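Trainee:
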Amino acid sequence: MTNAVDSFAELGLSDALLKTLGEIGYETPSPIQAQCIPILLEGHDMIGMAQTGTGKTAAFALPLMEQIDIKVAKPQALILTPTRELAIQVAEALQSYAKNLPGFHVLPIYGGQSYTIQLKQLARGAHVIVGTPGRVMDHLERKTLNLDHLKTMVLDEADEMLRMGFIDDVEWILERTPAQHQTALFSATMPDQIRRVAQKYLVDPREIKIKSATATVAAIRQVYWQVSGMHKLDALTRILEVEEDFDAAIIFVRTKTATVELADKLNARGYAAAALNGDLNQQMRERVIEQLKSGALDIVIATDVAARGIDVPRVSHVVNYDIPYDTEAYVHRIGRTGRAGRTGNAILFVAPREIRMLRTIERATRQPIAPLTLPSRADVTNKRVTDFKAKVAEVLNAEGLDFFANIVSQIAEEQNVSAEEVAAALAMMAQEIKPLQIAGEDPAPARNFERDARPGVFGEREQRKPRFEDRGERTNSDRPRFEDHPRREERAPRPAPTGDMIRYRIDVGRDHGVEVRDIVGAIANEAGIESRFIGRIGLYEESSTVELPAGMPGEAANALKRTRIRGVPINLRVDEGRPGGSFGGERKFSGERKFDGDKGNFKKKKFGDR
Ligand code: AMP
122 MTNAVDSFAE LGLSDALLKT LGEIGYETPS PIQAQCIPIL LEGHDMIGMA QTGTGKTAAF
182 ALPLMEQIDI KVAKPQALIL TPTRELAIQV AEALQSYAKN LPGFHVLPIY GGQSYTIQLK
242 QLARGAHVIV GTPGRVMDHL ERKTLNLDHL KTMVLDEADE MLRMGFIDDV EWILERTPAQ
302 HQTALFSATM PDQIRRVAQK YLVDPREIKI KSATATVAAI RQVYWQVSGM HKLDALTRIL
362 EVEEDFDAAI IFVRTKTATV ELADKLNARG YAAAALNGDL NQQMRERVIE QLKSGALDIV
422 IATDVAARGI DVPRVSHVVN YDIPYDTEAY VHRIGRTGRA GRTGNAILFV APREIRMLRT
482 IERATRQPIA PLTLPSRADV TNKRVTDFKA KVAEVLNAEG LDFFANIVSQ IAEEQNVSAE
542 EVAAALAMMA QEIKPLQIAG EDPAPARNFE RDARPGVFGE REQRKPRFED RGERTNSDRP
602 RFEDHPRREE RAPRPAPTGD MIRYRIDVGR DHGVEVRDIV GAIANEAGIE SRFIGRIGLY
662 EESSTVELPA GMPGEAANAL KRTRIRGVPI NLRVDEGRPG GSFGGERKFS GERKFDGDKG
722 NFKKKKFGDR
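Going by my numbering, the final residue of the sequence shown carries number 731, and the count climbs one at a time with no gaps.
#1: Let me check understanding here. Comparing Cα to Cα, which of H260, G286, R460 lies closest to D368?
#2: How about R477: is its Cβ closer than 8 Å to a heavy atom in the ligand AMP?
#3: Along the alpha helix (DSSP H) that carries N388, what are the first and last residues, could you check?
#4: What separation, rounded to the nearest whole angstrom, lies between the Cα atoms of I627 and G656?
#5: Can you check which of these residues, Q320, Y322, A384, is closest to V409 by C-alpha distance?
#6: Indicate the three-state DSSP secondary structure (helix, strand or coil) for R498 in the structure shown.
#7: Counting C-beta neighbours from all protein chains within 10 Å, is the total for E411 16 or more, i.e. buried, or is it exposed?
#8: Is R205 buried or exposed, if buried means 16 or more other CB atoms sit within 10 Å of its CB?
#9: Which residue or residues does DSSP assign as beta-bridge partners of G252?
#10: May I ask which residues mark the beginning and end of the alpha helix (DSSP H) holding H453?
#11: Pairs of beta-carbons, one from the segment 317-330 and one from the segment 228-241, closer than 8 Å: are there three or more?
#12: Could you tell me if N527 is buried or exposed, where buried requires 16 or more neighbouring beta carbons within 10 angstroms of its beta carbon?
#13: Using 9 Å as the threshold, is the C-beta distance between C157 and I288 below it?
#14: When the Cα atoms are used, what is the spatial distance from L222 to S415?
#15: Please specify which runs of the beta strand (DSSP E), each continuous and at least 3 residues long, are wholly inside the segment 161-186, giving them in chain order.
#16: Does the Cβ of Q156 lie closer than 8 Å to at least one heavy atom of the ligand AMP?
#17: Quick one, are the C-beta atoms of D696 and Y625 less than 9 Å apart?
#18: State the CB to CB distance for the pair A171 and A309, rounded to an integer number of angstroms; the pair is presumed to be in contact (CB under 8 Å).
#19: For the segment 419-438 against the segment 394-409, do three or more pairs of beta-carbon atoms, one drawn from each stretch, fall closer than 8 Å, so that the two count as touching?
#20: For a minimum of 3 consecutive residues, which ranges assigned as the beta strand (DSSP E) are wholly contained in the segment 243-330?
#21: Are I360 and V439 close, meaning C-beta to C-beta below 9 Å?
#22: Restricting to Cα atoms, I'd like to know which of L139, L669, E541 is closest to F654.
#23: At the level of alpha carbons, what is the spacing between P674 and I650?
#24: H352: buried (16+ other C-beta within 10 angstroms of its C-beta) or exposed?
#25: So, at 7 Å on beta carbons, what are the nonlocal neighbours of A208 in its own chain, with the 5 sequence-adjacent residues on each side left out?
#26: Identify, in the order they occur along the chain, each residue of the same chain with its Cβ nearer than 8 Å to the Cβ of V471, setting aside the five sequence neighbours on each side.
#27: Helix or strand or just coil, what does DSSP make of T666?
#28: Can you tell me whether G224 is buried or exposed? The criterion is at least 16 other CB atoms within 10 Å of its CB, across all chains shown.
#29: What is the residue span of the alpha helix (DSSP H) that S437 lies within?
#30: I need the boundaries of the beta strand (DSSP E) containing R624, first residue and last residue.
#31: So, using beta-carbon positions, are M274 and I200 closer together than 9 Å?
#32: Near V126, what residues of its chain come up, given a Cβ to Cβ distance below 6 Å and the 5 sequence neighbours on each side ignored?
#33: Under a Cβ-count criterion, where at least 16 other Cβ atoms within 10 Å of its own Cβ denotes burial, should F524 be classed as buried or exposed?
#34: Measuring alpha carbon to alpha carbon, tell me which residue in I644, E483, K510 is nearest R683.
#35: Are the CB atoms of R505 and L557 nearer to each other than 9 Å?
#36: When you measure from the CB of A179 to every non-hydrogen atom of the ligand AMP, does any distance come out below 8 Å?
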């Protein structure tokens, strides 16, 4: 957050992109953007050590978009991502940055999507392709994707691609890109194999690392809620309502637009809230802070820059509604509470894919951040009832109740009901915006993706629908990220996972050109199952078997039923036969991928099915 660059205009971006950034509410570049954008605009190759949440997508997307010649409807940039979900997300980000670039076209291509659609889209012409390695490779082999006009290549989440077993594919693609192009590699960690790829394919790369300087934070209670099962806004209001010593809060979001939207929503729910962002002039800004001090406002929703230096002792809570870009920003943010010797509370909302950032913050601040259990409906109701009782008790002690007591007696008599019933009616009327009993359901408790391996086998499903042509299709979710599990050796035999496994049969095999890595990739992507939880795979001529953990949620099973590998519906079902037996005529092909390192190609590849 202390990056010296305060505006995108300083980075050398074009007016069209600057206009868009203003419109979508980006106020200042994140640290990774401030560092990467000038380097990429100068045409250097680059290695960026950055994880999700740092703003890395815009860091590579904006410079590559500057290089696109819209008149040439050919792929000029290729972005490789480990999952289809990320491919869609990155493509959506580019599309949103292209708001003021008429004719700009970005296309996500990934396994599991029909070839027919992709071929049509490719034929129509796209300037940027965002794809998963397997599918990109297929299109290159089939010559339906041509990289002759390529100017930029981005490897996004390179360590994830390695972890998912796609690194050979990535190299295969790198081998086939034109000699003259810029390459940017982003990775949260830098395992040897990624370092090796960088050395081999990047030319004199500049290396950018988000510094996560250790910092001590004051005695502030720090908790996080893993976003799942409930909208952030509902979670926020539940939490704020039951927090014991709530007085006032600063809520941090990323964009100017979000400050205004959230302020409006909180106002509608009865909170005295206002937005604080870079669009406010100094006088308006001071007015908001004054109102927060005086108690005219209880909540201020701010961007990092706008909240710099706020010193309001009554701020009992800081909420990181959007996760900060780095630990420094986190430390600055939470320093807005716990001032003047008071206790402070910092609450962090963390999406499953941002868990890594949470751990980085913990390491940098050398303090654990405890998970927060979302208050249940009953908790909120109890709190509201307690507050209500306290208010009534206060009024009972006040003067001048006789007049009202008389009215209650009259109503009771006229309606032939007890005074208690009249009181109940009045209590009901008194609820106003916040009913004592809150509506809605309690979400199922969030799964801890890292620590509780078994329940974390199956990833959360994604709620959002993609904007691209597969709109109706389910997308795979933020897959669980396990930070510290042992990495599977690329070509080591697949270890048998522990726990109950069920063997399934699928209708694709060697004759379809399918290899083990295709099956692993499709299952990992489609069902959100970590590849290490996928058991033995038997590859036969016309079908295959795959062992998956017992207890697969219906949603994941349904997703797999609809999955296609190399264009063929896999028709997943429990395998009733003995291993390989029910398909006795078939010769078992021993599991792992066959990579012909010399030729840099995969053996036995067929595309007969397409
Ligand atoms: P990423 O780390 O690329 O996945 O980005 C995480 C989120 O930050 C996305 O929702 C972006 O839209 C948002 N974001 C990225 N850069 C900025 C910025 N400079 N200002 C505000 N939001 C941003």
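Glycine included, every Cβ here is placed at the ideal spot set by N, Cα and C.
Source: prediction; values computed, not measured.
Mentor: Walking through what the data contain:
#1: R460
#2: no
#3: 377-389
#4: 14 Å
#5: A384
#6: helix
#7: exposed
#8: buried
#9: L201, I230
#10: 448-455
#11: no
#12: exposed
#13: no
#14: 46 Å
#15: 167-170
#16: no
#17: yes
#18: 7 Å
#19: yes
#20: 249-252, 273-276, 303-308, 327-330
#21: no
#22: L669
#23: 11 Å
#24: exposed
#25: T202, P229, Y231, V251, G252, T253
#26: Y345, W346, Q347, V348, I444, M478, L479
#27: strand
#28: exposed
#29: Looking at the DSSP string, S437 is not in any alpha helix (DSSP H); the run it does join, the beta strand (DSSP E), is 436-441.
#30: 622-627
#31: yes
#32: P150, A155
#33: exposed
#34: I644
#35: yes
#36: yes
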